[in-house]
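Chemist: Got a structure for you, questions after.
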Amino acid sequence: MRLLLRFLFIFLAVETCAYGQTEPSVLNLKIKLRKNRATIGQFLEDIESSGILLTYSPQQIKLNKEVSLTSRHATTGQILQELFKDDDIEIKLLDHKILLVAKKRFSAIYGIVRQQYTGEVIADANVWIKDTKVRSTTNSYGFYSIDIEPGAYELYVSHIGSESKTFALQVDRSAFRKDVELGSADLTLATVEIKPDSATKNLAVKKPEQIDLVLTRQLPSAIGEKDIFGALQTLPGVVGATTNSVNLLVRGGTADQNLIIIDEVPVYNLNHFNGFFSIINSEILKSADFYSGNFPAKYTGRLSSVLDIRTREGNMSDFHGQTSVGFFHFSSTLEGPVIKNKSSFIVSMRRSWIDLLEKRSYEKFGQEVEYTNFTDLNIKTSYILNRNNRLYLTGYYGRDHYSRMFNIDQESVIEKTNWGNRLLAIRWNNILSPKLYQNTTFTASRYQNSLYTELDFNNLVPRMLISTITDYGIKTDFSFYLKQNLKINYGVGGNLNLFELPYLLSRTRALNTTAYIETETSIGQEIKLVTGVNYANTIVSGRIFHSLQPRVSVLKELGSKHSIIGSFAKMTQALHQITMFGIPSPYEIRIPSSSATPPEKSYIFSLTYRYAPAQGTNFAVQLYQKYAYHLLRLKPGQQMLFGFLAKDAFDRFLNGSGISKGIEFSYKKSYSWLDAQISYALASSRLKFNGLNSGNSFPADYNSKHTLSVVANTQITSKLSLSALFAFASGQQVTLPAILYKNLDETLGIESLEDNYSYRLKDINNYQLPNEYRLDVGAKYLKLLKKGRQRIFSVGANGLMSNLRPAYPYMSANTAIGRIQIEGLGKDGILPYFSFGYKF
Amino acid sequence: MKNRTIFAVFSVLIVVNFACSKNNPLATDQTEKLVVLSEINQLDSASVNLSQAKAGFPFVADAEVKITSLADRKVENFVYQNRGNYKGQQPKAGFGYRLSVFSMGKIVEAEQIMPQSFTLDAVTDGPSALKIELEQVHAGEHFYTIELLANHYNVQRFVRVNNEVIEVASEEELKAWLSKHGSAKVFRDTTFSDKQSRLIISTDDVRTENVKYNELKDLSGRIFIKHSNTGKLTLAMKCNLADSSKFTLVVKSVTPAYFKYLYASDLQFVNKVFGVLNIPLEGNVNGALGIFGAAYVKRIPIKF
Numbered sequence: 001m002r003l004l005l006r007f008l009f010i011f012l013a014v015e016t017c018a019y020g021q022t023e024p025s026v027l028n029l030k031i032k033l034r035k036n037r038a039t040i041g042q043f044l045e046d047i048e049s050s051g052i053l054l055t056y057s058p059q060q061i062k063l064n065k066e067v068s069l070t071s072r073h074a075t076t077g078q079i080l081q082e083l084f085k086d087d088d089i090e091i092k093l094l095d096h097k098i099l100l101v102a103k104k105r106f107s108a109i110y111g112i113v114r115q116q117y118t119g120e121v122i123a124d125a126n127v128w129i130k131d132t133k134v135r136s137t138t139n140s141y142g143f144y145s146i147d148i149e150p151g152a153y154e155l156y157v158s159h160i161g162s163e164s165k166t167f168a169l170q171v172d173r174s175a176f177r178k179d180v181e182l183g184s185a186d187l188t189l190a191t192v193e194i195k196p197d198s199a200t201k202n203l204a205v206k207k208p209e210q211i212d213l214v215l216t217r218q219l220p221s222a223i224g225e226k227d228i229f230g231a232l233q234t235l236p237g238v239v240g241a242t243t244n245s246v247n248l249l250v251r252g253g254t255a256d257q258n259l260i261i262i263d264e265v266p267v268y269n270l271n272h273f274n275g276f277f278s279i280i281n282s283e284i285l286k287s288a289d290f291y292s293g294n295f296p297a298k299y300t301g302r303l304s305s306v307l308d309i310r311t312r313e314g315n316m317s318d319f320h321g322q323t324s325v326g327f328f329h330f331s332s333t334l335e336g337p338v339i340k341n342k343s344s345f346i347v348s349m350r351r352s353w354i355d356l357l358e359k360r361s362y363e364k365f366g367q368e369v370e371y372t373n374f375t376d377l378n379i380k381t382s383y384i385l386n387r388n389n390r391l392y393l394t395g396y397y398g399r400d401h402y403s404r405m406f407n408i409d410q411e412s413v414i415e416k417t418n419w420g421n422r423l424l425a426i427r428w429n430n431i432l433s434p435k436l437y438q439n440t441t442f443t444a445s446r447y448q449n450s451l452y453t454e455l456d457f458n459n460l461v462p463r464m465l466i467s468t469i470t471d472y473g474i475k476t477d478f479s480f481y482l483k484q485n486l487k488i489n490y491g492v493g494g495n496l497n498l499f500e501l502p503y504l505l506s507r508t509r510a511l512n513t514t515a516y517i518e519t520e521t522s523i524g525q526e527i528k529l530v531t532g533v534n535y536a537n538t539i540v541s542g543r544i545f546h547s548l549q550p551r552v553s554v555l556k557e558l559g560s561k562h563s564i565i566g567s568f569a570k571m572t573q574a575l576h577q578i579t580m581f582g583i584p585s586p587y588e589i590r591i592p593s594s595s596a597t598p599p600e601k602s603y604i605f606s607l608t609y610r611y612a613p614a615q616g617t618n619f620a621v622q623l624y625q626k627y628a629y630h631l632l633r634l635k636p637g638q639q640m641l642f643g644f645l646a647k648d649a650f651d652r653f654l655n656g657s658g659i660s661k662g663i664e665f666s667y668k669k670s671y672s673w674l675d676a677q678i679s680y681a682l683a684s685s686r687l688k689f690n691g692l693n694s695g696n697s698f699p700a701d702y703n704s705k706h707t708l709s710v711v712a713n714t715q716i717t718s719k720l721s722l723s724a725l726f727a728f729a730s731g732q733q734v735t736l737p738a739i740l741y742k743n744l745d746e747t748l749g750i751e752s753l754e755d756n757y758s759y760r761l762k763d764i765n766n767y768q769l770p771n772e773y774r775l776d777v778g779a780k781y782l783k784l785l786k787k788g789r790q791r792i793f794s795v796g797a798n799g800l801m802s803n804l805r806p807a808y809p810y811m812s813a814n815t816a817i818g819r820i821q822i823e824g825l826g827k828d829g830i831l832p833y834f835s836f837g838y839k840f
Numbered sequence: 001m002k003n004r005t006i007f008a009v010f011s012v013l014i015v016v017n018f019a020c021s022k023n024n025p026l027a028t029d030q031t032e033k034l035v036v037l038s039e040i041n042q043l044d045s046a047s048v049n050l051s052q053a054k055a056g057f058p059f060v061a062d063a064e065v066k067i068t069s070l071a072d073r074k075v076e077n078f079v080y081q082n083r084g085n086y087k088g089q090q091p092k093a094g095f096g097y098r099l100s101v102f103s104m105g106k107i108v109e110a111e112q113i114m115p116q117s118f119t120l121d122a123v124t125d126g127p128s129a130l131k132i133e134l135e136q137v138h139a140g141e142h143f144y145t146i147e148l149l150a151n152h153y154n155v156q157r158f159v160r161v162n163n164e165v166i167e168v169a170s171e172e173e174l175k176a177w178l179s180k181h182g183s184a185k186v187f188r189d190t191t192f193s194d195k196q197s198r199l200i201i202s203t204d205d206v207r208t209e210n211v212k213y214n215e216l217k218d219l220s221g222r223i224f225i226k227h228s229n230t231g232k233l234t235l236a237m238k239c240n241l242a243d244s245s246k247f248t249l250v251v252k253s254v255t256p257a258y259f260k261y262l263y264a265s266d267l268q269f270v271n272k273v274f275g276v277l278n279i280p281l282e283g284n285v286n287g288a289l290g291i292f293g294a295a296y297v298k299r300i301p302i303k304f
């Protein structure tokens, strides 16, 4: 950090010196005018008679306009500025000559880009003025605005997955609205990939974080459910918290350091089916942006990554739908107009059905019965109030249930766990002017998990445990297209978190407010500079935590194929998660910041090189370094399972820091018969906590030194495609005793329980569990029917070869042989899947 | 076709290369590290147990063990008993001692000052509750551990059915037998084993470390409390009683290092239940593992 500041200081000092040495110009020459009231033409003659060369076009200057000057004695520059203060005349200097030229006038071309058949707005569409360097992209709501001089142009609009279109425009001095509809070969966004054209490819270089939804649908999937988190885990440096889990670990961070938002609503837990797949229904997915560095200023609240998901609004003109059924669950989606071309809806639901067949039993092993199910429902509707205003309503309800019935002493005992999210967003898009766009959103999010147990652990665990987090928020964002090459994004927001916690932890609340501003500007044609700052504060129990988070990113294009992006971001996290297991349970709780748990913060530096030599080929390498402070860790002995949490928060946690660094590679290549993608990351992540490991640093729990994913998808025929995914990650770090020795009790004459021993630790996280890997394969057969209807058969298998990360490695020692045993490791076997879908 | 072949071979090589890792759980350090386990108190002969920190915990029988009084430099050699146990004289409260062990070619040492005396009174407060009162006349911070020990019957209760002797584990099982077999005869031994087991006791007293950290609140066999003042300290606790036992309340005023060791040791025990082995345990013997602890001990028989 000091080095960076020193560099900035030197840079500014050099710039200042250079500026100070500028030579005096003719504009600084003092002249004397004949009188102080005359026409502009007479004043210009006076200046020319002083030996100063003036060049101007008489048509652009009102020579007969009479003006009064404040003084007859002044510099040329001062006189000219006063003469033209009310006119759009620009004063320029060229080789000791003064040029007086009319200022350029710009007009705004603006509008919304939509899908032609569905009416859905398209985010990140590319909008270019042909044969110029003027270009823009649509924002998340499909809005664009371009500043250009009056004239005749061709507007070129393109987007991945859509047909490009060109429009002839005659722009005069007033703003010009041009809404664009792009046709799509794939009405339901299901299976057909349209390759990006060269123009799209160039802009795509600047959006490296966008998740390839086509890939999401092609990958082999856990139990047949296509999931965006499967595609996310093919990115370098991103792994699952447990193998086959949707919980993400990004660049050595923990699962709670990822901000996941769906249509602006924060999601606090995204697990379905114990993490096999997420609550994100792929049928309603429109776009997803993922950031693990280079964070835009609007995001705050998490240290490691941001996943911003947008859902579809539904078809504005026709009714469409799909239904599919697989081994474990079925899903159905229906979308269409409420009022044609004015209002639309989309409804999608999923439900596990296997439990319905066998009288609520999912697995039976002897006397033990396990039962699990899930349900979720997505609803979204939109309404176009007028050309400039549109309303959206997004709703989600999801619930998972897991229960276990078993016998103890011939008595039946039941355990039940429930968890689920409820989300609501009401959004208002408003085009305030051709250059100003506003989005205001009200959000509500609630996540609750509960455990009911009839087990009597000597009254250690209450019969019912409930943990809830509720979040009410409101925010408004503006996109201001101030002028060509200068866009300003800014906004404010606030949200209230309510926490209901189990055990002795009291209910609490936190009020968070944020404000941000960000400028996007171009320096020349090849450098794009984005600078911004986010201010966030959190008020908990009368205490305020402030945070100012600067963000900078610079993109430099090196010709048409190469680019380099450098970025810096500071992020803070005022919400802390404590968890025992990777799966949702009441042992997973969230607490706000406090004196004992100040907001965590991170500083992330990254440098990316991208190379896109040809259509369908993309190579990227990224270096990063992340410093994290105020990280929280439960003290040894403190744990959630039986509520072993100290009364005083200071006695619960250790406060520490971390450093992560790495290099990430990704390579994509598309042949006519094969799409392949390889990602690899070499990384190191270490933590340091006072009071732990003698204050020395140690490997982070999820320090995956190597992560590798290889994806291949091949189109065998027009109907049949095959896909395969191989994923590898270095094993998880765990703490194991270095030395086992005798317990004191025997010396004291106390009868020891069997194998009661003491142990000495050497280092924290001193042992790496075996490397994890898995190979998944899948096949898809698509049959096109009349009127665009489709039948889709999918079949595949997860874990053809596998060594999976354990959800909970249980350790014990065998003192007779002096070895530590770890249970929960190893292969989970092959999990086949099958699904049949029908779309209309 | 050539591209396809290259791709297929490349993919197989990658998969095979990475998939060949082995699951090999950690073997602990098996070098010959000496373990010294000792508690000295004013009631019992000083005892030291020596063993090695390797598989099977082999005991050390050929060591020289001596204790030196820090007050008068008087040295006393311990006598080897059996199974790595060495015995010495009874120490005195308030005096400092240095333990020296010569074994495996090196000397390891530790020092402790015997805590000062205190008085103890205890009354039962219901069928499984106990109230104790400690009185301390010495200034300074005092570290107490409280435990309830049980001596079990040498022979557990049994029933004889048709001349067949059948042991029963609990009172409930006994009643079940009697209800099923009216002719069964009940026998009960009244002699107690010398071996003691520690019973689970708990308290809600916020001054205790058990409640403060909430880690050893309900599962622990010891209550840990620090007390800075002279005068009386009263404490209520609940006991998880095993039936048909002889109970002894043991309260120890211990040194800070010993207090810390016992707390961490109990924490290790509790966390083992959850398969977690990450609790640091620090001893005070230079050059060896284990603890040389000093305590002023009070023992009171308890009848519930």
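Quick mapping for you: the protein sequence lines, in order, are chains A and B. Take 1 as the starting number for the first sequence in this note's numbering and just add one per residue. Take 1 as the starting number for the second sequence in this note's numbering and just add one per residue. Using N, Cα and C, we set each Cβ at its ideal position, and we do this for glycine too.
Taking A:Asn756 as the query, report the chain B residues whose CB atoms sit under 9 Å from its CB, ordered along the chain.
Modeler: What A:Asn756 touches in chain B: Phe269, Lys272.
Chemist: When you check each C-beta in the region 635-646 of chain A against every C-beta of chain B, which residues fall closer than 9 Å?
Modeler: From the region 635-646 of chain A, only Lys635, Pro636, Gly637, Gln638, Gln639, Leu641, Phe642, Gly643, Phe644, Leu645, Ala646 have a Cβ closer than 9 Å to chain B.
Chemist: For a contact meaning CB atoms closer than 7 Å, what does B:Glu167 contact in chain A?
Modeler: Near B:Glu167 there are no residues of chain A at all, since even the closest Cβ is about 18 Å away, more than 7 Å.
Chemist: Considering only the alpha carbon of each residue, which of A:Asn429, A:Val369, A:Asn439 lies closest to A:Phe406?
Modeler: Among A:Asn429, A:Val369, A:Asn439, the Cα nearest to that of A:Phe406 belongs to A:Val369.
Chemist: Answer with yes or no whether the minimum CB distance from A:Gly818 to chain B is below 8 Å.
Modeler: Closer than 8 Å to some Cβ of chain B, the Cβ of A:Gly818 qualifies, so yes.
Chemist: Under a CB-based cut-off of 8 Å, is A:Ala738 close to chain B?
Modeler: Taking Cβ atoms only, chain B reaches closer than 8 Å to A:Ala738, which makes this a yes.
Chemist: Between which two residues does the beta strand (DSSP E) harbouring B:Ile302 extend?
Modeler: Note, B:Ile302: beta strand (DSSP E), 289-302.
Chemist: Report the residues of the region 715-742 of chain A with a CB closer than 7 Å to any CB of chain B, ordered along the chain.
Modeler: Hits within the stretch, in order: Phe726, Phe728, Thr735, Leu736, Pro737, Ala738, Ile739, Leu740, Tyr741, Lys742.
Chemist: Any C-beta of chain B sitting closer than 8 Å to the C-beta of A:Gly582?
Modeler: Any reading at A:Gly582 must be qualified, since the residue scores a pLDDT of 48, below 50, and its modelled position is unreliable; no value is offered.
Chemist: Identify the contact partners of A:Thr815 in chain B, using a Cβ-Cβ distance below 8 Å as the criterion.
Modeler: Neighbours of A:Thr815 on chain B, chain order: Ala55, Gly56, Phe57.
Chemist: Note down, in chain order, every chain B residue with its Cβ under 7 Å from the Cβ of A:Leu632.
Modeler: In chain order: nothing, as chain B lies at least about 16 Å away.
Chemist: Under 8 Å Cβ-Cβ, which residues of chain A neighbour B:Glu173?
Modeler: Those within 8 Å of B:Glu173 in chain A number zero; the least Cβ separation is about 11 Å.
Chemist: Is there a C-beta anywhere in chain B that falls below 8 Å from the one on A:Ile750?
Modeler: Chain B contact via Cβ: present.
Chemist: For A:Val338, count the other beta carbons within 10 Å of its own beta carbon; 16 or more makes it buried, fewer makes it exposed. Which is it?
Modeler: It counts as exposed.
Chemist: Tell me A:Lys528's beta-bridge partners as DSSP assigns them.
Modeler: BP columns for A:Lys528 point to A:Ser522, A:Leu555.
Chemist: With DSSP collapsed to three states, give me the class of A:Thr132.
Modeler: Looking at A:Thr132 - three-state DSSP - the assignment turns out to be coil, as it is neither helix nor strand.
Chemist: Taking C-beta to C-beta, are B:Met114 and B:Ala294 nearer than 8 Å?
Modeler: Going by C-beta atoms, B:Met114 is nearer than 8 Å to B:Ala294.
Chemist: Note the first and the last residue of the continuous alpha helix (DSSP H) segment covering B:Gly96.
Modeler: Where B:Gly96 is concerned, there is no enclosing alpha helix (DSSP H), although the beta strand (DSSP E) it sits in stretches over 96-103.
Chemist: Taking the straight line between their C-alpha atoms, what separation do you get for A:Ala807 and B:Glu215?
Modeler: If you take the alpha carbons of A:Ala807 and B:Glu215, they lie about 23 Å apart.
Chemist: With a CB to CB cut of under 6 Å and the five nearest residues on each side skipped, what residues in its chain are close to A:Glu664?
Modeler: Answer for A:Glu664: Pro236, Gly237, Gln622, Ala681, listed in chain order.
Chemist: Along the chain, where does the alpha helix (DSSP H) containing A:Asp263 start, and where does it finish?
Modeler: Careful: A:Asp263 lies outside any alpha helix (DSSP H) and carries neither H nor E.
Chemist: Does A:Arg760 come within less than 8 Å of chain B when only Cβ atoms are used?
Modeler: At least one chain B Cβ lies under 8 Å of A:Arg760.
Chemist: Evaluate the contact criterion for the region 218-234 of chain B versus the region 134-150 of chain B: three or more CB pairs, one atom per stretch, below 8 Å.
Modeler: Touching, per the Cβ criterion.
Chemist: Hey, how far is the Cα of A:Asn489 from the Cα of A:Phe229?
Modeler: Computed Cα separation, rounded: 29 Å.
Chemist: Locate the alpha helix (DSSP H) running through A:Thr76, then write down its first and last residues.
Modeler: Element bounds for A:Thr76: 76-83.
Chemist: What separation, rounded to the nearest whole angstrom, lies between the Cα atoms of A:Ile817 and B:Gly56?
Modeler: Taking the straight line from one Cα to the other gives about 7 Å.
Chemist: Nearest chain B C-beta to A:Thr453 closer than 8 Å, yes or no?
Modeler: No, A:Thr453 does not count as interfacial toward chain B.
Chemist: Please list, in chain order, the residues of the region 650-669 of chain A that have any C-beta partner in chain B closer than 7 Å.
Modeler: Taking 7 Å as the Cβ-Cβ cut-off against chain B, the residues of the region 650-669 of chain A that qualify are Asp651.
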